[in-house]
Amino acid sequence: MTNKVQIYLGLGGNIANELGDPTSHILAVRDTLNTDERFCDVVLSSLYASKPFGVTDQPDFVNAVLSAKTALDPMSLLNFCQDLEQGAGRVRLRRWGERSLDVDILLYGDDVIHNDRLTVPHSGIFERNFVLVPLLELNDKLMISGQKIRELALAHEMDGLTKLANNSN
Numbered sequence: 037m038t039n040k041v042q043i044y045l046g047l048g049g050n051i052a053n054e055l056g057d058p059t060s061h062i063l064a065v066r067d068t069l070n071t072d073e074r075f076c077d078v079v080l081s082s083l084y085a086s087k088p089f090g091v092t093d094q095p096d097f098v099n100a101v102l103s104a105k106t107a108l109d110p111m112s113l114l115n116f117c118q119d120l121e122q123g124a125g126r127v128r129l130r131r132w133g134e135r136s137l138d139v140d141i142l143l144y145g146d147d148v149i150h151n152d153r154l155t156v157p158h159s160g161i162f163e164r165n166f167v168l169v170p171l172l173e174l175n176d177k178l179m180i181s182g183q184k185i186r187e188l189a190l191a192h193e194m195d196g197l198t199k200l201a202n203n204s205n
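Counting in my numbering, the final residue of the sequence shown is number 205, and the numbers go up one at a time with none missing.
What follows is the structure in structure tokens.
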């Protein structure tokens, strides 16, 4: 694979369906990327339970962050992520609502992207410890929009988070 770019994907879910529960959906994403030749160096963070963000009248979430390298361009990666969500039976009922699987592109190299389908870095990345804590776990030297992740207070804040499991990749 040539011209690989480092990506970070935010993974989460809070409802089970006939295809599995949130944990199994997250692990399936890791397994899919591990077997897809368009991706390499796939690493999944620990799994974390978190309280819902935005809309709170729903079950707690299971969250993780996955890092990998890919030659896919950003829009192809977005389509791939949406295919993963559909494969897990995701139905979009309301913004920030219940879902079997959510796959967000958090970072795509150092690129800044803003169009009607994709914003990178992810627009809520600095507001969500369920994203920053696992990002810090994966790469404590990571820079996001010129800021060192290890210097972001929220990256060390476990309030509302429970570490569920370490993952062997």
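Note that beta-carbon positions come from the ideal geometry of N, C-alpha and C, so glycine has one too.
Check                                                                                                                                                              : Outcome
Can you grab the Cα-Cα spacing for the pair Gly46 / Leu154, in whole Å?                                                                                            : 14 Å
Given a cut-off of 7 Å, decide if Leu143 and Asn165 are closer than it, judged by their beta-carbon atoms.                                                         : no
Can you name, in chain order, every residue of its own chain whose Cβ lies under 8 Å from the Cβ of Cys117, other than the five neighbours on each side?           : Leu45, Val139, Asp140 and Ile141
Can you tell me the Cα-Cα spacing of Asp109 and Ile62, whole angstroms?                                                                                            : 22 Å
Nearest to Leu200 by alpha carbon, out of Asn70, Asn99, Val41 and Pro88?                                                                                           : Asn99
In chain order, what residues of the same chain have a beta carbon less than 7 Å from the beta carbon of Asn70, not counting five sequence neighbours either side? : Val78
Would the beta-carbon of Leu190 fall within 7 Å of that of Leu168?                                                                                                 : yes
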